[in-house]
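**Student:**
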Amino acid sequence: MTRDEEKLLNLSEYKGNRVVVTADDTRLSIKQIGDAVITPCTSSQQVKVKNVLHVFEMKKNLLSMAQLIAPENYVVFGSKDVKVYQQLKIEGTPIMKGEKKNSVYVMSAETTYVDRTSKNDTANLWHARLGHVSYLRLQVMMNKSMVKGLPKLEVRKDVVCVGCQYGKAHQLPYQDSKFKGKEPLFWAKCMKTTAHVISKLPQATLGFISPFEKLWNMKPVMSHFRVFGLVYYVFVLEAQRTKFDKKGIKCIFLGYDDQRKGWRCCDPNTGRCCVSRNVVFDEASSWWSPQEVVLPDSKELEEKVQEKLGEDTCRLLDTQEVVEKEKEITPKRIVSPWQTGVQEPITEETRQASPVTEPKNYEEAAQSIEWRKEMEEEIKASKQNQTWQLVPKPNDYGIDYDETYSPMAKINTVRVLLALAASKSWKLWQMDVKNAFLHGEIYMEQPCGFEDKRHLDGSDKRRHILGQHKYASDLLKKFGMLKCKPISTPMEINARLCSYKGKDLTSATMYRQLVESLIYLTLSRPDISFAVGVVSRFMQNPKKPHLEAICRILRYVKGTLDYGILYKSGTECKVLGHCEADYVGCHDTKRSITGYVFNLGSRAISWCSKRQPTVSLSTIEVDYRVAAVATQESTWLMQLMEDLKQPSDYSVKLYCDNQ
1 MTRDEEKLLN
11 LSEYKGNRVV
21 VTADDTRLSI
31 KQIGDAVITP
41 CTSSQQVKVK
51 NVLHVFEMKK
61 NLLSMAQLIA
71 PENYVVFGSK
81 DVKVYQQLKI
91 EGTPIMKGEK
101 KNSVYVMSAE
111 TTYVDRTSKN
121 DTANLWHARL
131 GHVSYLRLQV
141 MMNKSMVKGL
151 PKLEVRKDVV
161 CVGCQYGKAH
171 QLPYQDSKFK
181 GKEPLFWAKC
191 MKTTAHVISK
201 LPQATLGFIS
211 PFEKLWNMKP
221 VMSHFRVFGL
231 VYYVFVLEAQ
241 RTKFDKKGIK
251 CIFLGYDDQR
261 KGWRCCDPNT
271 GRCCVSRNVV
281 FDEASSWWSP
291 QEVVLPDSKE
301 LEEKVQEKLG
311 EDTCRLLDTQ
321 EVVEKEKEIT
331 PKRIVSPWQT
341 GVQEPITEET
351 RQASPVTEPK
361 NYEEAAQSIE
371 WRKEMEEEIK
381 ASKQNQTWQL
391 VPKPNDYGID
401 YDETYSPMAK
411 INTVRVLLAL
421 AASKSWKLWQ
431 MDVKNAFLHG
441 EIYMEQPCGF
451 EDKRHLDGSD
461 KRRHILGQHK
471 YASDLLKKFG
481 MLKCKPISTP
491 MEINARLCSY
501 KGKDLTSATM
511 YRQLVESLIY
521 LTLSRPDISF
531 AVGVVSRFMQ
541 NPKKPHLEAI
551 CRILRYVKGT
561 LDYGILYKSG
571 TECKVLGHCE
581 ADYVGCHDTK
591 RSITGYVFNL
601 GSRAISWCSK
611 RQPTVSLSTI
621 EVDYRVAAVA
631 TQESTWLMQL
641 MEDLKQPSDY
651 SVKLYCDNQ
């Protein structure tokens with residue numbers, strides 16, 4: 001056993017239950033198993049040991065005598081040394097020696113490191129590198145030195161390539177493969193790589209020169225060609241990993257890049273593609289391993305299927321009929337984006353039984369007795385429930401068909417009405433049209449015992465509270481923050497969030513749901529509008545610091561569940577505004593933040609916190625922009641007051657920063 005996996009050949013994952021127990025009763029796990037080649041210091045003859053265990057926690061290499069004598073070797077132990085003979089000839093030269101140290105025999109040998117990056121320039125390898133080019137064309141390219149970087153190869157024309165037989169077989173009366181991948185994930189990159197390779201290959205129509213040479217009058221270089229889909233390892237830059245992360249990641253080779261030097265790769269763990277030149281290829285292994293599906297005899301399947309489905313419900317198809325009706329039979333597939341085209345073994349029922357197809361129109365459905373019966377039952381049930389009522393035919397199409405109007409009250413208008421109703425002790429009604437576009441019934445009052453606290457109901461004319469206590473509680477409960485520790489502020493002081501710092505989240509779905517829920521909560525909570533506006537900028541690619549900022553907002557909401565806006569009676573109904581700016585508040589775009597709030601009397605009715613559309617060159621320019629936006633809002637509020645027959649013959653005071 002050894003701790004260095006680089007010394008092992010034919011590595012495979014260890015799936016057994018055994019562990020290594022040391023003298024101090026420490027249990028060490030076995031990671032992998034493979035073969036090792038031992039080179040004795042006293043001989044040039046190598047010894048191969050099979051089933052070597054890879055134990056990462058081991059500090060020394062341990063050699064089992066049982067493993068050493070397995071390939072017909074003989075071990076002779078002495079009082080001071082140990083010798084290994086290939087044949088039982090004591091007078092001969094041993095292939096390995098060792099000496100006794102502290103009651104332990106130490107062998108004078110070393111294991112050979114495996115060079116996984118060594119070149120293997122064989123004809124078959126270059127045949128695969130060049131997109132399975134024909135061996136005749138490969139021979140012509142090598143003999144005439146038509147390209148650079150192609151070594152001298154021993155090309156044999158009698159070699160049968162399995163990939164070529166699967167992909168380039170022609171003029172056959174039947175299909176060699178009945179099961180093919182319907183939806184390859186990397187079709188676009190595969191086609192692009194194929195075009196790149198073909199452009200460097202000699203064409204008979206061009207006098208056996210390549211299109212690249214015809215266009216640029218120079219021989220193409222092929223030293224960078226690799227087999228599409230193979231495994232290779234990409235170096236991860238220091239800025240993109242932590243101290244204890246792996247320096248390399250295992251990727252899939254997906255072709256070449258036209259704009260930059262390097263190879264295009266895809267990380268199967270994250271699904272992200274990139275272009276890198278710091279790579280090490282392992283052309284001895286491919287990401288996809290070929291699988292063969294062996295189907296049992298048709299008669300044997302017929303008997304088993306009929307036993308399960310019954311004689312009257314099963315119709316068997318012969319092989320030719322299955323091939324012709326490929327669109328109707330959809331084999332079950334392994335749902336994996338990295339094993340495109342590899343499918344699960346098809347069950348007997350789905351392989352041979354006739355599929356149930358849904359009719360595409362009424363004519364096809366009417367021909368079936370079962371479909372006809374189901375349709376009649378559906379019509380009968382609709383008539384009994386009086387689902388519809390027959391009426392004369394309406395206007396022709398195009399007349400009053402596109403004119404649909406549904407009035408929606410602006411939330412600021414609702415707040416103004418609430419403030420006026422509280423100030424002047426007006427009686428306030430609320431109603432909701434249930435399923436308005438579906439012609440549902442209208443309910444003027446909510447039934448007793450089923451009131452929705454998010455709606456504005458109450459019997460006190462002197463005050464109205466705009467709050468979302470139940471909604472905030474449900475929000476905390478939904479995302480597991482109901483028992484979190486409250487905090488006094490929604491954001492840290494001088495917090496600067498940016499789009500490129502931090503670790504990516506595993507899933508951005510929950511982040512977007514949180515932001516959307518908090519945006520709805522800001523309808524009655526102006527105290528979190530700025531914080532919610534900041535975190536909503538990163539919904540496209542959220543990172544860990546952004547999620548931590550949202551958690552802080554939720555902790556603040558937990559401590560302020562009873563917060564809302566209280567509109568009292570007797571207050572002066574005049575519009576008053578405040579505006580402020582945060583210069584270069586957005587760290588990514590360098591744009592400033594506009595913020596304002598308008599009160600009707602002493603309570604807020606309209607507020608805003610958002611980024612400015614352009615970059616400002618000075619703080620004076622920022623303040624002018626904020627004042628202009630706030631003035632527009634005040635103009636709209638005064639027009640609304642005039643529409644509601646309220647006094648509007650005064651100038652709105654707007655407080656701003658003039659420093």
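With the first letter of the sequence shown counted as 1, position 262 gets the number 262 in full-length UniProt numbering; the numbers rise by one all the way through. For every residue, glycine included, the Cβ atom is placed at its ideal position computed from N, Cα and C. Predicted model only: the values in this text are computed from it and were never measured.
#1: Using only alpha-carbon positions, find the residue among Lys31, Lys80 and Asp4 that is nearest to Ser15.
#2: Is DSSP giving Cys573 helix, strand or coil here?
#3: How about Phe281 and Leu237: are their beta carbons less than 8 Å apart?
#4: DSSP three-state call for Met218: helix, strand or coil?
#5: In the DSSP assignment, find the unbroken beta strand (DSSP E) run with Phe77 in it and report its ends.
#6: The beta strand (DSSP E) that contains Tyr232, what's its start and end?
#7: Taking C-alpha atoms, which residue in Phe77, Leu637, Cys161 and Ser276 lies nearest to Leu417?
#8: So what does DSSP say about Met107, is it helix, strand or coil?
#9: With a CB to CB cut of under 6 Å and the five nearest residues on each side skipped, what residues in its chain are close to Met444?
#10: Name the one or two DSSP bridge partners that Gly34 has.
#11: Straight-line CA distance for Ile369 to Glu378?
#12: Output needed for Arg260: all residues of its chain with C-beta closer than 7 Å, excluding positions within five of it in sequence on either side, in chain order.
#13: Give me the Cα-Cα distance between Asn599 and Pro613, rounded to the nearest whole angstrom.
#14: In whole angstroms, what is the alpha-carbon distance linking Tyr596 and Ala239?
#15: Rank Pro202, Met222 and Val227 by C-alpha distance to the C-alpha of Leu215 and give the top, closest one.
#16: Taking the C-alpha atoms as reference points, what is the distance between Thr413 and Tyr520?
#17: On the three-state DSSP scale, how would you describe Ser423?
#18: Can you give me the start and stop residues for the alpha helix (DSSP H) that Met491 sits inside?
#19: Which partner residues of Tyr256 appear in the DSSP bridge assignment?
#20: Below 8 Å, can you find three or more Cβ-Cβ pairs linking the stretch 534 to 547 to the stretch 558 to 575?
#21: Could you pull the start and end residues of the beta strand (DSSP E) that Asp81 belongs to?
#22: Mind checking which residues open and close the alpha helix (DSSP H) that includes Ile209?
#23: Kindly indicate which three-state DSSP category Trp636 falls into: helix, strand or coil?
#24: Helix, strand or coil for Ser517, going by three-state DSSP, please let me know.
#25: Would you be able to state if there are at least three C-beta pairs under 8 Å between the stretch 467 to 474 and the stretch 548 to 566?
#26: What residues in its chain sit with their C-beta under 8 Å from that of Ser488, if we drop five residues either side in the sequence?
#27: Could you tell me whether the stretch 580 to 593 touches the stretch 618 to 632, using the rule of 3 or more Cβ pairs below 8 Å?
#28: Determine the direct distance from the alpha carbon of Ser134 to that of Val140, and round the result to whole angstroms.
#29: Starting from Ala549 and walking both ways along the alpha helix (DSSP H), at which residues does that stretch end?
#30: Buried or exposed, going by whether 16 or more other CB atoms sit within 10 Å of the CB of Ala128?
#31: Under the rule that 16 or more other beta-carbon atoms within 10 Å means buried, what is His54, buried or exposed?
#32: Tell me whether the beta-carbon of Leu138 lies closer than 8 Å to the beta-carbon of Leu125.
#33: Between the Cα of Cys164 and the Cα atoms of Phe212, His132, Val75 and Lys59, which residue gives the shortest distance?
#34: Quick one: give me the first and last residue of the alpha helix (DSSP H) that Lys162 is part of.
**Tutor:** Taking the definition as stated:
#1: The sequence given here has Lys at residue 15, not Ser. Cα-wise, what sits closest to Lys15 is Lys31.
#2: coil
#3: Not in contact: Phe281 and Leu237 (Cβ atoms no closer than 8 Å).
#4: coil
#5: Tyr74 to Phe77
#6: Leu230 to Phe235
#7: For the options Phe77, Leu637, Cys161 and Ser276, the alpha carbon positioned closest to that of Leu417 is the one of Leu637.
#8: strand
#9: Residue placement at Met444 cannot be trusted, given a pLDDT of 42 that sits under 50; what the coordinates show is reported in the next sentence. Only Met431 meet the Cβ criterion.
#10: Val52
#11: 14 Å
#12: The beta carbon of Arg260 sits closer than 7 Å to those of Val275, all from its chain and outside the five residues before and after it, given in chain order.
#13: 25 Å
#14: 40 Å
#15: Pro202
#16: 17 Å
#17: helix
#18: Per DSSP, Met491 belongs to no alpha helix (DSSP H) and is neither H nor E.
#19: Trp263
#20: no
#21: Asp81 to Tyr85
#22: Unbroken run through Ile209: none, as it is neither H nor E.
#23: In this structure, Trp636 counts as helix in the three-state DSSP scheme.
#24: Helix.
#25: At 8 Å Cβ cutoff, the stretches touch.
#26: Tyr556 and Gly559
#27: yes
#28: 10 Å
#29: Lys544 to Gly559
#30: buried
#31: buried
#32: no
#33: His132
#34: Note on residue identity: the sequence assigns Val, not Lys, to residue 162. Per DSSP, Val162 belongs to the alpha helix (DSSP H) from Val162 to Lys168.
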